[in-house]
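Visitor: Once you've had a glance at the structure underneath, I'll fire off some questions.
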Amino acid sequence: MVNMARPSLPSEDKRWRIVQGTMRKHGYSRNALIETLHTVQQSFGFLDKDAIRFVASSLRVPPSQAYGVATFYHLFQLRPPGKHTCQVCLGTACFINGAERLMKHAEKSLGIQAGETTPDGEVSLLAVRCVGSCSFAPVMIFDEKTHSYAKSETLDEQLQAWRQP
Amino acid sequence: MSAAPGAKTFVIDGVDASATPGQTILSAAREHNIFIPTLCHLEGLGDVGACRLCLVEVKGARRLLPACTTRVDEGMEVTTNSPRLADYRQMTMQLLFAERNHVCSVCVANNHCEMQSMATTLGMTHVEVPYRFPALTVDASHERFTLDHNRCILCTRCVRVCSEIEGAHTWDVMGRGIQSKVITDLDQPWGTSETCTSCGKCVQVCPTGALFQKNRTGERRGKDPSFLPYLRTMREEL
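Note that the protein sequences, when read in sequence, are chains A and B. Under numbering that gives the first Met the number 0, the first sequence has 64 at position 65, and the numbering climbs by one with no breaks. Under numbering that gives the first Met the number 0, the second sequence has 149 at position 150, and the numbering climbs by one with no breaks.
Quick look at the structure:
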């Protein structure tokens, strides 16, 4: 049967305290679901099933509903991110300036689809909608660094750099 | 018929009619014996406007409106049947069939399927759009029931009956757009669900062969959602 008591923290990890803080700030209201999932995403980099289960039972939201919310929004990642992230903006301005070709090139050279991580856990490829740098379109973001007027070569060089220790 | 206080008067298919405040076009139409096709609607459950079969024309509205979630307004002029609506409903029905792997002849619900009989009612003879044939799974992990995503039309009746009537909210929808699918708990095998009470309400309300009872074939495979109005009535405060 389902335990109705508020669950204890999943582990000793201090980051769960931050997650708990968000829920407390909202008085453990069901409405805090998205906000809390955001905190998990920020603290852990992704949402795994244990995290969703913990948040859902803390806020007394049905697990299926919490999972539905977590999978509805593209911003939530359900798999751990790679060591590096490569984001390709597919916003309108970037799209017109060839972002789709960039994305295809990235998918081909990494051997994965957008939203996936390479099997060695090195690089995650993400599609983002608009990063607010439309005058520099197309834009790619490697880890924290933004590249304006990105070309296929920009990506090749970056992958080369990441591969070299 | 004497008008109740606050009753709304409106015109439906050229006939003057009345509706109680907050009543939907669908409910008012049924009271006046006007047929509007539906699939996701089920008496006793909340409405979500998922199947789009009940679209009607409302004078002054630029788009078609779902009858199940649109409330009657004073002076509204509603058309429930027109060549345009018939066209739309045919297309909607065809898209429902083409979206997943609906093949009546090999379906457990054949001849006991609301979707099939609705297609017949609407006079659908064939599907003009190509089938998508998505690769979907079947979950038979539950002791008594099976979930076949290939036959699901995402009407969310199972989600609503589980949440609104049983109160377990085992079902929900994950993903978005074409990737959407119904899930139990954290998208886990149904048999491992912690919240499911195995009451079987979801199976009885499912309009297709997506949810069915194991070991029920032939004449015994029909579904019976008649418990719904009963439960609703019994739970009303006396």
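C-beta: ideal position from N, C-alpha, C; glycine also.
Strictly below 8 Å CB to CB, what residues from chain A border B:T194?
Guide: Within 8 Å of the CB of B:T194, the CB atoms of chain A belong to V1, P61, P62 and S63, in sequence order along the chain.
Visitor: Shorter than 9 Å from the beta carbon of A:T70 to some beta carbon of chain B?
Guide: yes
Visitor: Select from B:T68, B:R61, B:D15 and B:G43 the residue whose C-alpha is nearest the C-alpha of B:G21.
Guide: B:T68
Visitor: Can you give the beta carbon distance from A:Q64 to B:D171, rounded, assuming they're within the 8 Å contact cut?
Guide: Contact holds; Cβ gap of about 5 Å.
Visitor: Measuring CB atoms only, is the region 64-81 of chain B touching the region 119-126 of chain B, in the sense that at least three cross pairs come out at less than 8 Å?
Guide: no
Visitor: For chain B, find out if any of its Cβ atoms is closer than 9 Å to the Cβ of A:I51; answer yes or no.
Guide: yes
Visitor: With a cut-off of 9 Å, does the C-beta of A:G114 fall near any C-beta of chain B?
Guide: no
Visitor: Between B:N80 and B:D138, which are expected to be in contact by the criterion C-beta below 8 Å, what is the C-beta distance as a whole number of angstroms?
Guide: Actually they are not in contact, since the Cβ atoms of B:N80 and B:D138 sit about 39 Å apart, beyond 8 Å.
Visitor: Do the region 100-109 of chain A and the region 54-72 of chain A make contact, defined as three or more Cβ pairs closer than 8 Å?
Guide: no
Visitor: Under 9 Å, Cβ to Cβ, is there at least one residue of chain A near B:L153?
Guide: no
Visitor: Please list, in chain order, all residues of the same chain as A:F45 whose beta carbon is under 7 Å from its beta carbon, the five residues on each side excluded.
Guide: Q76, L77, R78, P79 and P80
Visitor: What are the complete alpha helix (DSSP H) segments, minimum 4 residues, inside the region 51-114 of chain A?
Guide: Scanning the region 51-114 of chain A from its first residue to its last, the whole alpha helix (DSSP H) runs of 4-plus residues come out as 62-71, 91-95 and 98-109.
Visitor: Take A:C93 and list the residues in its own chain whose beta-carbon comes closer than 6 Å to its own, dropping the five residues that flank it on each side.
Guide: The beta carbon of A:C93 sits closer than 6 Å to those of A136, P137 and V138, all from its chain and outside the five residues before and after it, given in chain order.
Visitor: Could you confirm whether any beta carbon from chain A is found closer than 9 Å to the beta carbon of B:H168?
Guide: yes
Visitor: Have a look at B:E113 and A:G97 and give me their C-alpha separation to the nearest angstrom.
Guide: 47 Å
Visitor: Are there three or more Cβ pairs, one per stretch, closer than 8 Å when the region 203-215 of chain B is compared with the region 145-160 of chain B?
Guide: yes
Visitor: Assuming contact is defined by CB atoms lying nearer than 9 Å, are A:C88 and A:S132 in contact in what I supplied?
Guide: yes
Visitor: On the three-state DSSP scale, how would you describe B:K180?
Guide: strand
Visitor: Return helix, strand or coil for B:M148, following the three-state DSSP convention.
Guide: With the sequence shown as reference, residue 148 of chain B is identified as His, and Met is not the correct amino acid for it. Of the three classes helix, strand and coil, the one that applies to B:H148 here is helix, per DSSP.
Visitor: Whose C-alpha, out of B:V71, B:M92 and B:L185, is nearest the C-alpha of B:F9?
Guide: B:V71
Visitor: The beta strand (DSSP E) spanning B:S26 covers which residue range?
Guide: Per DSSP, B:S26 belongs to no beta strand (DSSP E); it is in the alpha helix (DSSP H), I24 to E30.
Visitor: Can you tell me whether DSSP reads B:R83 as helix, strand or coil?
Guide: helix
Visitor: Figure out for me which residue from B:R99, B:H111, B:N214 and B:E193 has the closest Cα to the Cα of B:S133.
Guide: The identity of residue 133 of chain B in the sequence shown is Pro, whereas the question assumes Ser. Taking only the C-alpha atoms, the option nearest B:P133 is B:R99.
Visitor: Can you confirm whether B:T183, when its beta carbon is compared against all beta carbons of chain A, has any partner nearer than 9 Å?
Guide: B:T183 counts as touching chain A.
Visitor: Identify every residue that forms a DSSP beta bridge with B:P65.
Guide: B:L54
Visitor: Give me the Cα-Cα distance between B:W189 and B:S197, rounded to the nearest whole angstrom.
Guide: 10 Å
Visitor: Let me check understanding here. Comparing Cα to Cα, which of B:E42, B:T23 and B:E30 lies closest to B:Y229?
Guide: B:E42
Visitor: Name, please, each residue of chain B whose Cβ falls closer than 8 Å to the Cβ of A:Y66.
Guide: D171, M173, I182, D184, L185 and D186
Visitor: Let me check one thing: in DSSP terms, what residues is A:L158 bridge-paired to?
Guide: DSSP output for A:L158 lists no bridge partner at all.
Visitor: Of all the CB atoms in chain A, is at least one closer than 9 Å to the CB of B:S197?
Guide: No, B:S197 lies away from the interface with chain A (no Cβ there is under 9 Å from its Cβ).
Visitor: Write down the C-beta distance between B:R88 and B:L52 rounded to the nearest angstrom, noting that I regard them as a contact closer than 8 Å.
Guide: 6 Å
Visitor: Looking at C-alpha atoms only, which residue of A:V130, A:C129, A:S134 and A:G110 is the closest neighbour of A:S123?
Guide: Distances from the CA of A:S123 to each of A:V130, A:C129, A:S134 and A:G110 were compared; the closest alpha carbon is that of A:G110.
Visitor: Would you list the one or two residues that DSSP bridges to B:V14?
Guide: B:I11
Visitor: For B:I152, which of B:M117, B:A167, B:P206 and B:A16 has the nearest alpha-carbon?
Guide: The option with the nearest alpha carbon to B:I152 is B:P206.
Visitor: Could you tell me whether the Cβ of B:S140 comes closer than 9 Å to any Cβ of chain A?
Guide: no
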